[in-house]
Amino acid sequence: MSQTIHLSPPDVGPLEESYLVAALRSGWVAPAGPDLQAFEHDIAERVGTGGAVAVSSGTAALHLALLGVGVTPGDVVIVPTLTFVATANAVHYIGARPVFVDCDPRTGNLDVDLTADLLRRLRSRGERVGAIVPVDMFGSCADYLSLVPVCAEVEVPLVEDAAEALGASHRRQPAGSFGHAGVLSFNGNKIMTTSGGGMLVSDDVALLDRARHLSTQAREPARHYEHRETGYNYRLSNLLAALGRAQLLRLDEMIARRRQLRDHYAKLFAPVPGVQLLGAEDTESNCWLTVITVERERCGWQADDLAAHLAERDIETRPVWKPMHLQPMHAGAESLLSGAAERLFADGLTLPSGSALTEPQIARVLAAIDEFLAVQTGGPAA
Numbered sequence: 131m132s133q134t135i136h137l138s139p140p141d142v143g144p145l146e147e148s149y150l151v152a153a154l155r156s157g158w159v160a161p162a163g164p165d166l167q168a169f170e171h172d173i174a175e176r177v178g179t180g181g182a183v184a185v186s187s188g189t190a191a192l193h194l195a196l197l198g199v200g201v202t203p204g205d206v207v208i209v210p211t212l213t214f215v216a217t218a219n220a221v222h223y224i225g226a227r228p229v230f231v232d233c234d235p236r237t238g239n240l241d242v243d244l245t246a247d248l249l250r251r252l253r254s255r256g257e258r259v260g261a262i263v264p265v266d267m268f269g270s271c272a273d274y275l276s277l278v279p280v281c282a283e284v285e286v287p288l289v290e291d292a293a294e295a296l297g298a299s300h301r302r303q304p305a306g307s308f309g310h311a312g313v314l315s316f317n318g319n320k321i322m323t324t325s326g327g328g329m330l331v332s333d334d335v336a337l338l339d340r341a342r343h344l345s346t347q348a349r350e351p352a353r354h355y356e357h358r359e360t361g362y363n364y365r366l367s368n369l370l371a372a373l374g375r376a377q378l379l380r381l382d383e384m385i386a387r388r389r390q391l392r393d394h395y396a397k398l399f400a401p402v403p404g405v406q407l408l409g410a411e412d413t414e415s416n417c418w419l420t421v422i423t424v425e426r427e428r429c430g431w432q433a434d435d436l437a438a439h440l441a442e443r444d445i446e447t448r449p450v451w452k453p454m455h456l457q458p459m460h461a462g463a464e465s466l467l468s469g470a471a472e473r474l475f476a477d478g479l480t481l482p483s484g485s486a487l488t489e490p491q492i493a494r495v496l497a498a499i500d501e502f503l504a505v506q507t508g509g510p511a512a
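Given below as structure tokens:
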């Protein structure tokens with residue numbers, strides 16, 4: 131049996147080990163500590179925001195961000211239908227209502243024109259829109275050049291879900307720095323990891339102070355335990371922050387590895403009619419995950435066929451996110467749809483993209499795809 135090749139395994143090594151050991155030996159094992167403060171500073175500097183608050187997950191950061199921009203129970207929050215469920219879950223935590231909007235078929239990111247139409251529709255009904263939460267899909271930023279003015283015109287806060295996009299940029303502005311607050315994830319499969327963790331970034335000092343307070347059980351500054359409101363156990367630990375500091379030093383190197391792998395895929399699929407790389411034109415993506423879209427009518431096979439072929443060879447693939455409006459928990463939810471997200475779910479396939487993949491593993495993946503294409507075309511792949 132060959133070793134399974136995963137989509138995006140953690141990329142950690144001697145540097146991360148040295149930072150963790152140093153943190154352990156420092157005695158700062160509890161959540162607070164110098165590595166936590168340094169990690170927040172380093173991330174804020176990388177993203178270009180005034181500050182940051184490190185928390186236990188990207189979902190926790192989303193929850194705090196929505197609270198920070200003033201979302202309240204009963205509000206509407208506009209969420210892309212093509213996203214991971216955490217984006218919508220954070221809205222539910224507050225008692226607000228997600229309303230879903232479809233995506234741009236070329237990138238998978240939120241469709242700005244549809245979003246503007248949805249905003250007009252909701253406001254004409256007298257709905258209070260608490261926030262818009264674009265998601266930077268698979269490491270490519272949404273079209274903020276168009277979206278930010280739409281939000282500003284109607285004075286609706288923008289909370290950027292950049293969980294997948296640390297290190298990416300849009301018009302040379304870093305992911306996470308658009309809107310009133312941004313959210314990053316350091317889950318084990320992300321571009322860099324703290325094993326589990328996230329970060330809230332913003333220029334709004336009051337929002338960050340409020341988030342830091344809520345993330346530590348909303349404890350008041352007293353010698354005893356004093357609490358005036360409900361808080362959350364959301365703070366990242368000093369040990370995990372130490373791991374994150376080491377990962378951040380290697381971020382550009384890891385992005386370069388993923389981009390190199392994407393370039394291999396681009397060359398392999400270039401001669402194949404009906405197969406495209408999602409967001410292929412985005413030169414500022416961090417290339418977190420490479421996604422292909424397959425038009426069966428043009429190439430004679432479908433994404434599931436390639437997925438099955440690779441699975442037989444212990445190579446992991448995965449469909450694109452199942453749209454939120456198709457999820458059982460959101461049955462009947464209000465949505466403004468074009469059909470783009472459903473087509474990407476049906477026709478998209480996520481390929482192994484991790485920076486930790488070795489050269490032999492990459493060669494194995496490419497050879498398996500080449501073998502599949504050769505069978506489909508009846509001869510050697512181009």
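Those letters in the sequence shown? Residues 131 to 512, per the numbering used here, in order. From the three backbone atoms N, C-alpha and C, an ideal C-beta is built for every residue, glycine too.
1. What residues in its chain sit with their C-beta under 7 Å from that of Arg342, if we drop five residues either side in the sequence?
2. For the alpha helix (DSSP H) containing Gly188, list its first residue and its last residue.
3. Assuming Ile385 and Val405 are in contact, meaning their beta carbons sit under 8 Å apart, how far apart are those beta carbons, in whole angstroms?
4. On the CB-based measure, 16 or more other CB atoms within 10 Å of its CB, does Tyr355 come out buried or exposed?
5. Got a sec, what are the start and stop residues for the beta strand (DSSP E) Glu290 sits in?
6. Since Val313 and Leu330 are thought to touch, with beta carbons under 8 Å apart, how far apart are those beta carbons, to the nearest angstrom?
7. Using alpha carbons as the reference points, say which of Ala441, Gly430, Gln432, Leu391 lies closest to Ala493.
8. If Ala168 sits next to Arg380, beta carbons under 8 Å apart, how far is it from one beta carbon to the other, in whole angstroms?
9. Give a yes or no on contact between the stretch 285 to 303 and the stretch 151 to 160, applying the rule of three or more CB pairs nearer than 8 Å.
10. Under three-state DSSP, which class holds Gln377?
11. To the nearest angstrom, how far is it from the Cα of Ala261 to the Cα of Arg388?
12. How would you label Ala497, buried or exposed, when you count the other beta carbons within 10 angstroms and need 16 or more for buried?
13. Would you list the one or two residues that DSSP bridges to Ser315?
14. What residue from Leu344, Glu147, Lys452, Leu369 has the CA that sits closest to Ala218's CA?
15. Could you tell me the alpha carbon to alpha carbon distance between Gln377 and His310, rounded to whole angstroms?
16. Inspect the beta-carbon positions of Gly328 and Gly188 and report whether they are closer than 7 Å.
17. Let me know the beta strand (DSSP E) ranges lying completely inside the stretch 396 to 430, each 3 residues or longer, listed in chain order.
18. Sort Cys417, Arg365, Leu240, Val221 by Cα distance to Ser345 and report the nearest one.
19. Per DSSP, what kind of secondary structure is Leu212 in: helix, strand or coil?
20. Determine the DSSP secondary structure at Arg448, reduced to helix, strand or coil.
21. Looking at Leu145 and Ala371, is the spacing between their C-beta atoms short of 7 Å?
22. Tell me Thr346's beta-bridge partners as DSSP assigns them.
23. Which of helix, strand or coil does DSSP assign to Pro228?
24. Could you tell me the alpha carbon to alpha carbon distance between Leu503 and Thr134, rounded to whole angstroms?
25. Can you tell me which of the three DSSP states Ile492 falls into?
26. Given this structure, state the Cα-to-Cα distance separating Met454 from Leu398, to the nearest angstrom.
Walking through what the data contain:
1. Val183
2. 188 to 198
3. Between Val405 and Ile385 the Cβ distance is about 24 Å, and since that is not below 8 Å, they are no contact.
4. exposed
5. 289 to 291
6. 6 Å
7. Leu391
8. About 16 Å; that fails the 8 Å criterion.
9. no
10. helix
11. 32 Å
12. exposed
13. Gly328
14. Lys452
15. 26 Å
16. yes
17. 405 to 407, 420 to 424
18. Arg365
19. coil
20. strand
21. no
22. Asn363
23. strand
24. 21 Å
25. helix
26. 32 Å
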